[in-house]
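For the sequence shown, counting from 1, position 42 maps to 42 in the UniProt record's numbering; every step adds exactly one.
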Amino acid sequence: MDSKELARLLAKTALHDQQAFERLYLSTAAKLNGIAYRILHNSDLAHEVLQEAFIQIWHNAIEYRIDKAEPFTWMASIVRYRCYDRVRSEQRRLENKHIQEQVESIEQIAAINQPTTQMCEIGQDLADCLEQLEDVHRRGILMAYYFGFSRGEISDHLEKPINTIKSWLRRGLARLQQCLEK
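Right, dumping it as structure tokens:
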């Protein structure tokens, strides 16, 4: 289908003409799905993203400007951006799952009042001093310095501002240092 016909179909879609939208879909879906598949490498995800993209095209067709881009280029960019959003979302989901697994083991360590085998690995004195800290300081220090979480990850998990996390870590380390010097 040529650009003029696609532009005409987009204009009619902007007026919520369902038949025009159906023709637009039938004439471009296969190619747009191919773009999604090349980015996502998963046919099910590509189909989902294509569906989301066509919903966006339906709602945003009125914003299309022929002087800015060719009709297919405009639709393809919607598909691409939806794919990139999906990739980022999947990466965050996997990272959050990994972080949650690590946090669960941290919380198990922090919840126990007696030093564990893992705590003994880092020294009995240190384990004793960690036990004397407030829970938020102990958890923050373990997350940051034993398990290697960034301040941002700790902030996200504990649902506190990053500056609060930095303050907790600074105060917790100061108290830990005082305890270890005794």
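Where is the CB? At the ideal position from N, CA and C, for every residue including glycine.
Where residue i falls, given that 16 or more other Cβ within 10 Å makes a residue buried
{"i": "His137", "result": "buried"}
{"i": "Met119", "result": "With a pLDDT of 49 at Met119, under the threshold of 50, the modelled position of that residue is not reliable, and the figure given next carries that caveat. By the neighbour-count rule (16 or more Cβ atoms within 10 Å), Met119 is buried."}
{"i": "Leu180", "result": "exposed"}
{"i": "His41", "result": "exposed"}
{"i": "Pro161", "result": "exposed"}
{"i": "His16", "result": "exposed"}
{"i": "Ile112", "result": "Because the pLDDT of Ile112 is 43, which lies under 50, any placement of that residue in the model is unreliable, and the question is left without a value."}
{"i": "His59", "result": "exposed"}
Chain C within 7 Å of residue i, Cβ atoms only
{"i": "Asp128", "result": "No chain C appears in this structure, which consists of one protein chain only."}
Residue of the options minimising C-alpha distance to residue i
{"i": "Tyr37", "options": "Leu26, Ser27, Val49", "result": "Val49"}
{"i": "Leu6", "options": "His16, Phe21, Leu15", "result": "Phe21"}
{"i": "Met1", "options": "Ile57, Asp67, Tyr25", "result": "Tyr25"}
{"i": "Ala46", "options": "Ala174, Lys4, Val79", "result": "Val79"}
{"i": "Arg86", "options": "Asp44, Glu63, Gly148", "result": "Asp44"}
{"i": "Ala30", "options": "Asn163, Gln18, Ala127, Gln51", "result": "Gln51"}
{"i": "Ile57", "options": "Asp67, Gln124, Glu159, Lys12", "result": "Lys12"}
Sub-7 Å separation of residue i and residue j beta-carbons
{"i": "Ser155", "j": "Ile165", "result": "yes"}
{"i": "Lys55", "j": "Cys83", "result": "Reading off the sequence shown, one finds Ile at residue 55, where the question assumed Lys. Not a contact, by the Cβ cut-off of 7 Å."}
{"i": "Ala76", "j": "Ile35", "result": "yes"}
{"i": "Ala61", "j": "Ala14", "result": "yes"}
{"i": "Ser3", "j": "Pro71", "result": "yes"}
{"i": "Leu133", "j": "Arg175", "result": "yes"}
{"i": "Arg23", "j": "Leu10", "result": "no"}
{"i": "Leu173", "j": "Ala144", "result": "no"}
{"i": "Glu81", "j": "Trp74", "result": "Looking at the sequence itself, residue 81 is Tyr, so the reference to Glu does not match. Against a cut-off of 7 Å, the Cβ pair of Trp74 and Tyr81 comes out as no contact."}
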